[in-house]
Amino acid sequence: MTQVSDIRDRSGERTAATAPPARRLRVCHVAYTFYEADNRVIRYAKEMAGRGHSVDVIALRRPDQPMIETVDGVRAIRIQRRSITESTALNGTDSRS
Numbered sequence: 026m027t028q029v030s031d032i033r034d035r036s037g038e039r040t041a042a043t044a045p046p047a048r049r050l051r052v053c054h055v056a057y058t059f060y061e062a063d064n065r066v067i068r069y070a071k072e073m074a075g076r077g078h079s080v081d082v083i084a085l086r087r088p089d090q091p092m093i094e095t096v097d098g099v100r101a102i103r104i105q106r107r108s109i110t111e112s113t114a115l116n117g118t119d120s121r122s
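The numbers in our numbering rise by one with no breaks, and the one at position 2 of the sequence shown is 27.
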């Protein structure tokens, strides 16, 4: 395996002469949100996919959306619809829980 060398450039800063071969990861990101509505989730997933990793995002599904689709190299797996909004507090007597 190739090793990372501790070499200094002309200014004395350390530089990596060679890097070890990258290992392809399988990444699963679970988010209680709609994939296309959460920039943070999109950025993380696209960055990992852009580095050559296999990325799945499990997120909420709107009624008109497919359960599985690939978006920009990221497999979006959409599950349950959000039927309760979090804008109101739930209590133990609420029939929605």
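All residues carry an ideal CB built from backbone N, CA and C; glycine is no exception.
All figures in this text were calculated on a predicted structure; none of them were measured in a lab.
Please tell me whether residue i and residue j are closer than 9 Å, where the distance is taken between their beta carbons.
i: ALA70; j: TYR60; result: yes
i: ARG103; j: SER79; result: no
Could you compute how far the alpha carbon of residue i sits from the alpha carbon of residue j?
i: ARG51; j: PRO91; result: 22 Å
i: CYS53; j: ALA74; result: 11 Å
i: GLN28; j: ARG48; result: Residue confidence for GLN28 is low, a pLDDT of 45 falling below 50, so the modelled location carries little weight; the figure read from the coordinates is stated next. When rounded, the distance between both Cα atoms is 14 Å.
i: ARG77; j: ALA62; result: The sequence given here places Gly at residue 77; Arg does not occur at that position. Using only the alpha carbons, I get a separation of about 24 Å.
i: ARG65; j: VAL96; result: 15 Å
i: ASP81; j: GLU72; result: 12 Å
i: ILE67; j: GLY98; result: 11 Å
Does residue i come out as helix, strand or coil in the three-state DSSP assignment?
i: ARG103; result: strand
i: ARG65; result: helix
Give the C-beta separation of residue i and residue j to the nearest angstrom, bearing in mind that I take them to be a contact with Cβ-Cβ under 8 Å.
i: GLN105; j: ARG86; result: 7 Å
i: ILE93; j: VAL55; result: In fact, because the Cβ distance is near 15 Å, the residues do not count as touching under 8 Å.
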